[in-house]
Amino acid sequence: MEVQEQILSQDILLDLYKKLLKPRLIEEKMLILIRQGKVSKWFSGMGQEAIAVGVTSILHNDEYILPMHRNLGVFTSRNIPLSRLFSQWQGKPNGFTKGRDRSFHFGTQEFNIVGMISHLGPQLGIADGIALAHKLRKENKITAVFTGEGATSEGDFHEALNVAAVWDLPVMFIIENNGYGLSTPTREQYKCENLADKGIGYGIESHIIDGNNIVEVYTKLHEIAENMRQNPHPVLIEMKTFRMRGHEEASGTKYIPQELFEEWKIKDPITRFNNYLTEMGILSEEQDAQLRKEIKEEIDTHWKITQDEAGLEANLETELNDVYKPYEYQHFEAGSESKNIRFIDAISEGLKQSFERHENLIIMGQDIAEYGGAFKVTEGFVYAFGKDRVRNTPICESIIVSSAAGLSINKYKSVVEMQFADFVSTGFNPIVNLLAKQHYRWGEHADVVVRMPCGAGSGAGPFHSQTNEAWFTKTPGLKVVYPAFPVDAKGLLNTAINDPNPVIFFEHKNLYRSKSQDVPTNYYTIPFGQASLIKEGIDVTIISYGSGVHWALETLANNPSISADLIDLRTLQPLDYETIRKSVQKTNRVIILQEDSMFGGIASDLSAWIMENCFEYLDAPVKRVASIETPIPFMDNLEAQYLPKERFEKELLVLLQF
Ligand SMILES: Cc1ncc(C[n+]2csc(CCOP(=O)(O)OP(=O)(O)O)c2C)c(N)n1
Numbered sequence: 218m219e220v221q222e223q224i225l226s227q228d229i230l231l232d233l234y235k236k237l238l239k240p241r242l243i244e245e246k247m248l249i250l251i252r253q254g255k256v257s258k259w260f261s262g263m264g265q266e267a268i269a270v271g272v273t274s275i276l277h278n279d280e281y282i283l284p285m286h287r288n289l290g291v292f293t294s295r296n297i298p299l300s301r302l303f304s305q306w307q308g309k310p311n312g313f314t315k316g317r318d319r320s321f322h323f324g325t326q327e328f329n330i331v332g333m334i335s336h337l338g339p340q341l342g343i344a345d346g347i348a349l350a351h352k353l354r355k356e357n358k359i360t361a362v363f364t365g366e367g368a369t370s371e372g373d374f375h376e377a378l379n380v381a382a383v384w385d386l387p388v389m390f391i392i393e394n395n396g397y398g399l400s401t402p403t404r405e406q407y408k409c410e411n412l413a414d415k416g417i418g419y420g421i422e423s424h425i426i427d428g429n430n431i432v433e434v435y436t437k438l439h440e441i442a443e444n445m446r447q448n449p450h451p452v453l454i455e456m457k458t459f460r461m462r463g464h465e466e467a468s469g470t471k472y473i474p475q476e477l478f479e480e481w482k483i484k485d486p487i488t489r490f491n492n493y494l495t496e497m498g499i500l501s502e503e504q505d506a507q508l509r510k511e512i513k514e515e516i517d518t519h520w521k522i523t524q525d526e527a528g529l530e531a532n533l534e535t536e537l538n539d540v541y542k543p544y545e546y547q548h549f550e551a552g553s554e555s556k557n558i559r560f561i562d563a564i565s566e567g568l569k570q571s572f573e574r575h576e577n578l579i580i581m582g583q584d585i586a587e588y589g590g591a592f593k594v595t596e597g598f599v600y601a602f603g604k605d606r607v608r609n610t611p612i613c614e615s616i617i618v619s620s621a622a623g624l625s626i627n628k629y630k631s632v633v634e635m636q637f638a639d640f641v642s643t644g645f646n647p648i649v650n651l652l653a654k655q656h657y658r659w660g661e662h663a664d665v666v667v668r669m670p671c672g673a674g675s676g677a678g679p680f681h682s683q684t685n686e687a688w689f690t691k692t693p694g695l696k697v698v699y700p701a702f703p704v705d706a707k708g709l710l711n712t713a714i715n716d717p718n719p720v721i722f723f724e725h726k727n728l729y730r731s732k733s734q735d736v737p738t739n740y741y742t743i744p745f746g747q748a749s750l751i752k753e754g755i756d757v758t759i760i761s762y763g764s765g766v767h768w769a770l771e772t773l774a775n776n777p778s779i780s781a782d783l784i785d786l787r788t789l790q791p792l793d794y795e796t797i798r799k800s801v802q803k804t805n806r807v808i809i810l811q812e813d814s815m816f817g818g819i820a821s822d823l824s825a826w827i828m829e830n831c832f833e834y835l836d837a838p839v840k841r842v843a844s845i846e847t848p849i850p851f852m853d854n855l856e857a858q859y860l861p862k863e864r865f866e867k868e869l870l871v872l873l874q875f
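Below is the structure:
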């Protein structure tokens with residue numbers, strides 16, 4: 218250890234030493250507890266502590282940090298009471314997730330920490346979003362996020378660096394290069410010599426730092442961070458280090474040559490720093506012993522607090538109530554003044570009025586700024602609301618969705634426009650694993666609306682025609698909206714933006730320009746979970762949503778003798794079961810029409826629910842009508858055969874004869 222350390226005061230040096238010792242001594246205790254069967258899974262960060270401690274120490278406490286599974290030093294350096302950490306690992310109430318997620322999989326706004334989800338990658342995008350929020354508010358704050366070298370092979374790594382580069386976001390990307398993924402050595406993980414070199418490709422500054430030298434980590438990062446605060450930009454840092462234990466305690470280290478352990482043992486960050494402090498006369502043997510004793514006492518005291526803490530009682534109501542952030546729907550009445558506009562104009566108008574209402578609302582999507590979006594929903598927005606709030610994104614669905622989660626954590630609302638609902642597949646992971654589970658896991662909501670131009674009918678083929686609502690309705694934590702009329706589209710979109718929970722908002726492309734209605738000109742909302750009974754009759758209940766509603770209307774217009782209740786569900790999650798029940802009680806026959814192919818769709822679930830809950834009212838089996846079980850073909854005649862529109866009339870007539 219040379220040169221730069223001179224600039225560090227003795228107080229800082231001793232503080233860093235204490236901060237390094239703490240996670241090491243906690244881990245030593247954990248290893249014993251694991252052997253005793255008192256702790257289950259453990260991902261060791263032994264030998265890598267200088268990175269977690271160093272990064273946390275150069276950050277201000279109000280700057281966010283996003284650690285990974287080996288970064289105990291982040292949590293201890295932010296001074297989280299140890300008993301709370303222990304309770305988290307033991308799944309006890311005093312932890313951070315009410316026993317719902319394990320180990321380091323939690324965040325806490327109190328300490329400005331956002332922990333990882335198991336999926337490697339999305340945390341990098343969350344950091345982008347948090348940093349974007351700071352930048353938009355013109356706060357000189359940086360955000361630090363960790364990744365292992367293995368996870369740099371994930372697409373999310375590339376997307377996150379690219380977005381941060383293009384948007385000049387003050388994110389410190391820390392790669393902990395510890396030589397191995399789970400068991401995969403670096404030579405089988407990437408081809409370049411240093412991962413820091415990848416910074417060149419993204420046009421961002423990068424550095425290589427000896428991650429086992431706390432003084433180097435601290436001094437270099439300190440300077441880099443100051444520079445980033447003054448002049449917001451991303452920096453990529455490769456920390457060279459080594460993983461001294463197995464991936465997790467049960468997985469062993471047989472695949473690692475023994476020489477490597479010997480080589481890196483000498484570079485142990487604590488031994489090295491201890492030697493340095495001793496040589497400099499800053500730390501005596503007695504002081505060291507005293508420090509260790511104090512920390513061990515703290516650990517034992519806190520472990521006892523956790524042990525004495527009562528375990529969690531499973532409570533069904535609490536579990537179900539914590540999936541969504543409670544939201545008290547605020548009703549804004551539709552005014553009497555209206556204008557005849559198309560479905561697409563209603564969406565634009567809702568968005569525009571929401572922009573005026575929520576200063577903290579931003580929209581992100583491909584080509585949505587000057588170009589106005591693929592369907593022109595946001596035409597002119599950039600001139601009205603500015604580039605900060607109307608953001609063209611690079612083509613990277615995954616990290617944009619994760620960034621939206623980060624924006625929400627840092628107090629922004631966002632709408633993400635998928636160019637086509639089909640492309641949500643490349644942003645699927647952060648929707649179903651990050652947005653959907655966040656409130657349940659650690660009580661943090663995800664205030665994000667994902668807009669999904671969807672649906673078939675225009676010969677756009679297998680990748681521009683899907684209606685993939687069933688991918689989302691089956692995931693607890695998401696709300697799913699699917700309007701069929703302009704009035705509903707506007708009111709429900711306004712509600713979606715007000716609701717602090719993640720909402721997947723489907724907009725059928727074929728309705729955009731084909732359906733018009735007198736739409737109230739003022740700002741109004743429509744509550745979720747209320748279906749619309751758009752026709753009343755006595756012979757049969759037709760349930761549908763989206764395009765299906767219009768097909769049903771056409772069919773009824775062609776068959777004026779049929780007296781039907783037509784229910785437009787409007788929201789698929791939550792579902793309005795009561796309207797369905799009442800109608801079935803009256804008509805005793807049900808047909809459900811969906812545009813999606815049959816298996817695993819909304820119709821199947823509704824049918825099951827009706828059989829289970831309304832069986833005594835039924836005079837005939839519930840009928841489902843859906844698209845055929847193929848991908849969506851491009852040619853008109855094939856597409857017409859694929860869609861259920863024509864089959865619906867036939868099936869309806871059969872049902873009425875039952
Ligand atoms: C998307 C995803 N794929 C696979 C895994 C399983 N997994 C967990 S950790 C890990 C190795 C990670 O290696 P690295 O990024 O180098 O971090 P390290 O564990 O070495 O700190 C793997 C493959 C995962 N959690 N997420």
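Numbering (the numbering used here) for the sequence shown: 218 to 875.
Idealized CB from N, CA, C, for every residue including glycine.
Mind checking whether residue i and residue j have CB atoms under 9 Å apart?
i: Pro850; j: Pro719; result: no
i: Leu299; j: Trp659; result: no
i: Ile881; j: Ile759; result: Examination of residue 881 is not possible in this model, given that the chain is present from 218 through 875 alone.
i: Ile755; j: Leu770; result: no
i: Leu283; j: Ile359; result: no
i: Arg460; j: Asn357; result: no
i: Glu724; j: Pro670; result: yes
i: Ile809; j: Val842; result: yes
i: Gly175; j: Leu860; result: Residue 175 is absent from the model: the chain starts at 218 and stops at 875.
i: Arg787; j: Val757; result: no
Report buried or exposed for residue i, applying the criterion of at least 16 other Cβ atoms within 10 angstroms of its Cβ.
i: Ala531; result: exposed
i: Tyr657; result: buried
i: His767; result: buried
i: Asn395; result: buried
i: Asp279; result: exposed
i: Leu399; result: exposed
Using a Cβ-Cβ cutoff of less than 6 Å, which residues in the same chain neighbour residue i once the five nearest sequence positions on both sides are dropped?
i: Lys236; result: Val270 and Ser294
i: Glu466; result: Ile251 and Trp259
i: Arg489; result: none
i: Pro848; result: Pro679
i: Phe598; result: Val607
Return the chain-ordered list of same chain residues with a C-beta closer than 7 Å to the C-beta of residue i, the five sequence neighbours on each side being excluded.
i: Ile585; result: Thr595, Val607, Asn609 and Glu634
i: Ser642; result: none
i: Glu168; result: This structure leaves residue 168 out entirely; the chain is present only between 218 and 875.
i: Gly312; result: Arg301, Ser304 and Gln305
What is the DSSP secondary structure of residue i, counted as helix, strand or coil?
i: Met882; result: This structure cannot settle anything about residue 882, because the visible part of the chain is limited to 218 through 875.
i: Gln227; result: helix
i: Pro848; result: coil
i: Gln547; result: coil
i: Gln747; result: coil
i: Gln583; result: coil
i: Thr610; result: coil
i: Arg559; result: strand
i: Gln811; result: strand
i: Ser615; result: helix
i: Tyr397; result: strand
i: Pro402; result: strand
i: Val220; result: Unreliable placement is indicated for Val220, whose pLDDT of 43 sits below 50; the coordinate value is still reported in the next sentence. Residue state, collapsed to three classes: helix.
i: Cys409; result: coil
i: Gly365; result: strand
i: Arg202; result: Residue coverage of the chain in this structure runs from 218 to 875, which leaves residue 202 outside it and unanswerable.
I'd like the span of the alpha helix (DSSP H) that includes residue i, first residue to last.
i: Glu866; result: Lys862 to Gln874
i: Val383; result: Gly372 to Val383
i: Arg489; result: Pro486 to Glu496
i: Val801; result: Tyr794 to Thr804
i: Thr523; result: Glu502 to Asp525
i: Gly765; result: Ser764 to Asn775
i: Lys482; result: Gln475 to Lys482
i: Gln790; result: Looking at the DSSP string, Gln790 is not in any alpha helix (DSSP H); the run it does join, the beta strand (DSSP E), is Thr788 to Gln790.
Using only the heavy atoms of ligand 2, determine whether one of them is closer than 8 Å to the beta carbon of residue i.
i: Met456; result: Absence of ligand 2 from the depicted structure is noted, with ligand 1 being the only ligands included.
On the DSSP letters alone, give me the boundaries of the beta strand (DSSP E) that residue i sits inside.
i: Met263; result: That residue, Met263, is in no beta strand (DSSP E); it is neither H nor E in DSSP.
i: Asp785; result: Ala781 to Asp785
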